[in-house]
Amino acid sequence: MKEIKEKHSLLMRWTHWVNFPVLAIMIWSGLFIYWANDAYGISIFGFSLIKFFPQWFYQYFHIPHRLAEGMAFHFFFMWFFAINGLLYIIYTLYSGAWRELVPKRNSFREAWQVLLYDLHIGKTTPPQNKYNAAQRIAYTAIILMGAGSLITGLAIYKPVQFFWLCWLCGGYHLARIFHFALTIGYVLFFMVHIIQVILAGWNNFRSVISGFEVVESEASISKKETEKLPENGTGEQKED
Amino acid sequence: MEPENKKKTKAPLTIEQKIKRRNFISFGAFFALSGGAFAGWKWLLDAPNETPGITAGTRKPLRKALNKTELFFRNLFSNKHLAKTYPKERAVKNVRVNGLIGISDDKNFDASTWKLEVEIGLAKPMHIGIEEIMALPRTEIIFDFKCVEGWDQIQHWAGVKMKDFIAHYGLNELAEKGYMGLETPNGRYYVGLEKDSVLHPQTILAYEMNGQPLSINHGAPLRLIIPVKYGIKNLKRIGKMYFSSARPRDYWAKRGYDYYSGL
Numbered sequence: 001m002k003e004i005k006e007k008h009s010l011l012m013r014w015t016h017w018v019n020f021p022v023l024a025i026m027i028w029s030g031l032f033i034y035w036a037n038d039a040y041g042i043s044i045f046g047f048s049l050i051k052f053f054p055q056w057f058y059q060y061f062h063i064p065h066r067l068a069e070g071m072a073f074h075f076f077f078m079w080f081f082a083i084n085g086l087l088y089i090i091y092t093l094y095s096g097a098w099r100e101l102v103p104k105r106n107s108f109r110e111a112w113q114v115l116l117y118d119l120h121i122g123k124t125t126p127p128q129n130k131y132n133a134a135q136r137i138a139y140t141a142i143i144l145m146g147a148g149s150l151i152t153g154l155a156i157y158k159p160v161q162f163f164w165l166c167w168l169c170g171g172y173h174l175a176r177i178f179h180f181a182l183t184i185g186y187v188l189f190f191m192v193h194i195i196q197v198i199l200a201g202w203n204n205f206r207s208v209i210s211g212f213e214v215v216e217s218e219a220s221i222s223k224k225e226t227e228k229l230p231e232n233g234t235g236e237q238k239e240d
Numbered sequence: 001m002e003p004e005n006k007k008k009t010k011a012p013l014t015i016e017q018k019i020k021r022r023n024f025i026s027f028g029a030f031f032a033l034s035g036g037a038f039a040g041w042k043w044l045l046d047a048p049n050e051t052p053g054i055t056a057g058t059r060k061p062l063r064k065a066l067n068k069t070e071l072f073f074r075n076l077f078s079n080k081h082l083a084k085t086y087p088k089e090r091a092v093k094n095v096r097v098n099g100l101i102g103i104s105d106d107k108n109f110d111a112s113t114w115k116l117e118v119e120i121g122l123a124k125p126m127h128i129g130i131e132e133i134m135a136l137p138r139t140e141i142i143f144d145f146k147c148v149e150g151w152d153q154i155q156h157w158a159g160v161k162m163k164d165f166i167a168h169y170g171l172n173e174l175a176e177k178g179y180m181g182l183e184t185p186n187g188r189y190y191v192g193l194e195k196d197s198v199l200h201p202q203t204i205l206a207y208e209m210n211g212q213p214l215s216i217n218h219g220a221p222l223r224l225i226i227p228v229k230y231g232i233k234n235l236k237r238i239g240k241m242y243f244s245s246a247r248p249r250d251y252w253a254k255r256g257y258d259y260y261s262g263l
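Chains R and D are the protein sequences, given in the same order.
Here the working numbering is used: the first residue of the first sequence is 1, the next is one more, and so on.
Here the working numbering is used: the first residue of the second sequence is 1, the next is one more, and so on.
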């Protein structure tokens with residue numbers, strides 16, 4: 001028999017989906033700011049060998065003329081990014097949902113099993129509650145990264161007024177590098193995240209929109225599981 | 001969860017029906033909200049530019065947001081915060097020149113006859129020579145100059161504090177008006193600054209860089225150094241100074257940048 005199992009609360013789903021376009025806009029507009037003075041790359045004795053972005057990228061976005069536009073968008077949507085993130089964190093703490101999210105003592109060991117399993121190397125199915133060990137680490141990391149972006153962003157935005165924040169980030173220049181590196185981190189996270197969502201399948205994806213999962217209850221599970229498991233990569237039958 | 005009256009007329013929903021129903025509602029809401037968000041984004045992208053005035057060049061709603069953000073931060077912060085200063089050894093020898101607007105296109109400029117023009121309302125403007133300014137108490141600052149483009153550089157400047165200058169020439173009352181406008185002699189580059197930043201203790205009228213008189217490209221004979229603002233507000237070669245209760249015109253704010261540009 002099928003059963004409805006509640007998974008994600010409304011607020012968690014809401015903030016998750018709001019974050020997606022807002023972060024996209026922040027990255028897009030942030031690039032216009034970055035490109036005004038494209039500092040990062042590898043250069044030896046003043047000759048730049050590698051620029052971070054390839055030439056066609058610059059041509060496509062006609063870069064040097066869009067700093068003002070980038071700043072206007074960035075300083076508008078930063079409010080949404082901050083409010084949405086704070087809302088999520090406050091809710092997570094208040095509801096106790098953080099318990100399912102933060103890594104546990106054995107999460108770092110288990111995360112290897114998850115990785116090996118996902119890569120079809122490991123054979124043992126790692127334990128999966130709401131989030132498995134790797135998810136706990138990744139999702140907690142991404143929340144910390146979000147906080148990091150906000151803090152380093154403020155440090156760059158108001159280095160005189162938020163002098164203590166700027167100091168905390170290791171100075172103006174380092175804060176900029178952190179801010180940029182975190183963005184690269186998001187992009188990498190996003191790519192892995194999308195692949196994992198595809199691999200995890202429909203039931204998992206639906207739960208981030210509808211809030212629930214459909215699980216097979218005890219009666220039929222033994223019969224179905226034997227048929228289903230081999231073709232299902234990152235197990236749908238993770239609930240016991 | 002099921003409404004009472006349903007149960008009376010129909011048999012209770014099966015699990016399959018419940019799933020279908022909840023899927024329909026949540027996916028419907030999801031797509032409706034996504035559509036709304038996309039429409040909002042499209043609206044913002046296609047929003048008309050502001051009516052050109054003191055500011056120009058950016059979409060109306062974004063300019064509104066920039067102005068509101070300015071007010072938020074101006075109200076939040078005290079004017080007392082000082083920009084971090086550094087020991088003299090940290091200052092760079094080659095101070096970057098990033099722009100020559102208002103300088104390179106001023107063919108008629110004559111340094112020997114230069115005087116700072118200060119508008120003081122009804123009366124004729126004041127004209128103040130560089131020797132007079134250099135006779136005022138001298139102050140130095142070594143701070144991290146920050147360009148809106150993203151680079152920064154530790155630079156060493158000297159001159160007179162704007163505060164002292166204003167007090168010396170009895171401009172206190174005018175300074176209370178709210179804003180100060182500064183322009184190059186030919187009027188091609190101009191900035192507007194709000195009172196708090198003008199009176200900030202680190203804001204100086206600079207005539208020296210690295211212990212030497214200013215070079216032409218750094219704004220000789222007198223320029224503005226205002227560490228609480230991005231470089232775009234640090235006007236080179238000041239020709240005219242005036243006070244106003246409304247925002248004075250500003251070169252970069254007319255080109256889509258934030259008027260405040262404060263740090």
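Every residue gets a Cβ at the ideal spot worked out from N, C-alpha and C, and that includes glycine.
Nearest to residue i (by Cα), restricted to the options the options
{"i": "G96 of chain R", "options": "R:F189, R:A155, R:M12, R:E110", "result": "R:M12"}
{"i": "C169 of chain R", "options": "R:G211, R:L150, R:V18", "result": "R:L150"}
{"i": "K262 of chain D", "options": "D:K146, D:L224, D:S245", "result": "The question names Lys, but residue 262 of chain D in the sequence shown is Gly. Nearest option by C-alpha distance: D:K146."}
{"i": "H252 of chain D", "options": "D:N217, D:I216, D:M241, D:Y189", "result": "It is worth fixing the name first, because residue 252 of chain D is Trp in this sequence and not His. Per the Cα distances, D:Y189."}
{"i": "R247 of chain D", "options": "D:G219, D:L13, D:T55, D:A32", "result": "D:T55"}
{"i": "P21 of chain R", "options": "D:I101, D:S34, D:P12", "result": "D:S34"}
{"i": "Y242 of chain D", "options": "D:E208, D:L193, D:F30", "result": "D:L193"}
{"i": "P137 of chain D", "options": "D:K163, D:I225, D:R255, D:Q155", "result": "D:K163"}
{"i": "M145 of chain R", "options": "R:K5, R:A200, R:L31, R:V187", "result": "R:V187"}
{"i": "A134 of chain R", "options": "R:L115, R:N19, R:L119, R:K7", "result": "R:L115"}
{"i": "F32 of chain R", "options": "R:W14, R:E213, R:F73", "result": "R:F73"}
{"i": "W24 of chain R", "options": "D:L174, D:E50, D:W41", "result": "The sequence shown places Ala at residue 24 of chain R, rather than the Trp named in the question. Per the Cα distances, D:W41."}
{"i": "G185 of chain R", "options": "R:A82, R:K130, R:S207, R:G148", "result": "R:G148"}
{"i": "G280 of chain D", "options": "R:W35, R:Y117, R:W17", "result": "Here chain D comprises residues numbered 1 to 263, so residue 280 of chain D is not present and cannot be evaluated."}
{"i": "S215 of chain D", "options": "D:Q17, D:P227, D:V97", "result": "D:V97"}
{"i": "N186 of chain D", "options": "D:F77, D:D105, D:A65", "result": "D:D105"}
{"i": "E213 of chain R", "options": "D:A65, D:K18, D:P12", "result": "D:K18"}
{"i": "L45 of chain D", "options": "R:G30, R:F75, R:E69", "result": "R:E69"}
{"i": "K254 of chain D", "options": "D:E50, D:K20, D:I15", "result": "D:E50"}
{"i": "R136 of chain R", "options": "R:H193, R:R66, R:I177", "result": "R:H193"}
{"i": "P61 of chain D", "options": "D:K124, D:F38, D:A47", "result": "D:A47"}
{"i": "L10 of chain R", "options": "D:Y260, D:I25, D:K124, D:A11", "result": "D:I25"}
{"i": "Q153 of chain D", "options": "D:N94, D:W114, D:F38", "result": "D:N94"}
C-beta contact flag for residue i and residue j at 8 Å
{"i": "D258 of chain D", "j": "M78 of chain R", "result": "no"}
{"i": "L222 of chain D", "j": "I130 of chain D", "result": "yes"}
{"i": "N79 of chain D", "j": "S210 of chain R", "result": "no"}
{"i": "L165 of chain R", "j": "L174 of chain R", "result": "no"}
{"i": "L116 of chain D", "j": "I103 of chain D", "result": "no"}
{"i": "T139 of chain D", "j": "A111 of chain D", "result": "no"}
{"i": "V191 of chain D", "j": "L182 of chain D", "result": "yes"}
{"i": "I133 of chain D", "j": "L174 of chain D", "result": "no"}
{"i": "N106 of chain R", "j": "N19 of chain R", "result": "no"}
{"i": "M26 of chain R", "j": "F81 of chain R", "result": "yes"}
{"i": "L100 of chain D", "j": "N217 of chain D", "result": "yes"}
{"i": "T92 of chain R", "j": "L86 of chain R", "result": "no"}
{"i": "G256 of chain D", "j": "T58 of chain D", "result": "yes"}
{"i": "G150 of chain D", "j": "N37 of chain R", "result": "yes"}
{"i": "L66 of chain D", "j": "F75 of chain R", "result": "yes"}
{"i": "H156 of chain D", "j": "A91 of chain D", "result": "yes"}
Inter-residue CB distance, residue i and residue j (contact presumed, cutoff 8 Å)
{"i": "E3 of chain R", "j": "V215 of chain R", "result": "5 Å"}
{"i": "V148 of chain D", "j": "I232 of chain D", "result": "5 Å"}
{"i": "S197 of chain D", "j": "K177 of chain D", "result": "Actually they are not in contact, since the Cβ atoms of S197 of chain D and K177 of chain D sit about 14 Å apart, beyond 8 Å."}
{"i": "K88 of chain D", "j": "I142 of chain D", "result": "6 Å"}
{"i": "F180 of chain R", "j": "Y34 of chain R", "result": "7 Å"}
{"i": "K104 of chain R", "j": "K7 of chain R", "result": "In fact, because the Cβ distance is near 19 Å, the residues do not count as touching under 8 Å."}
{"i": "Y179 of chain D", "j": "K161 of chain D", "result": "Contact doesn't hold; Cβ gap of about 19 Å is too wide."}
{"i": "L235 of chain D", "j": "T184 of chain D", "result": "7 Å"}
{"i": "A138 of chain R", "j": "F205 of chain R", "result": "Contact doesn't hold; Cβ gap of about 17 Å is too wide."}
{"i": "G30 of chain R", "j": "T152 of chain R", "result": "The pair is not a contact, with the Cβ atoms about 12 Å apart (cut-off 8 Å)."}
Residue i beta carbon near the ligand GDP (any heavy atom closer than 7 Å)
{"i": "A83 of chain D", "result": "With respect to the ligand GDP, the structure offers nothing, as it holds no ligand at all."}
Quiz item: Touching or not, the segment 157–177 of chain R and the segment 76–85 of chain D, by the rule of three or more beta carbon pairs under 8 Å?
Solution: The segment 157–177 of chain R vs the segment 76–85 of chain D: in contact.
Quiz item: Taking only runs of the alpha helix (DSSP H) that begin and end inside the segment 60–95 of chain D, which ones reach a length of at least 4 residues, in chain order?
Solution: Segments of the alpha helix (DSSP H) lying fully in the segment 60–95 of chain D: 60–76.
Self-check item: Unbroken stretches of the beta strand (DSSP E), 3 residues or longer, contained in the segment 125–197 of chain D
Solution: Counting only runs of 3 or more, we get 126–128, 139–146, 152–161, 179–183, 190–194.
Quiz item: With a cut-off of 8 Å, do at least 3 Cβ pairs link the segment 164–175 of chain D to the segment 207–220 of chain D?
Solution: Counting C-beta pairs closer than 8 Å gives fewer than three between the segment 164–175 of chain D and the segment 207–220 of chain D, which falls short of the contact rule.
Quiz prompt | Secondary structure, beta strand (DSSP E): runs of 3+ residues fully inside the segment 156–199 of chain R | solution = Runs of the beta strand (DSSP E) inside the segment 156–199 of chain R: none found.
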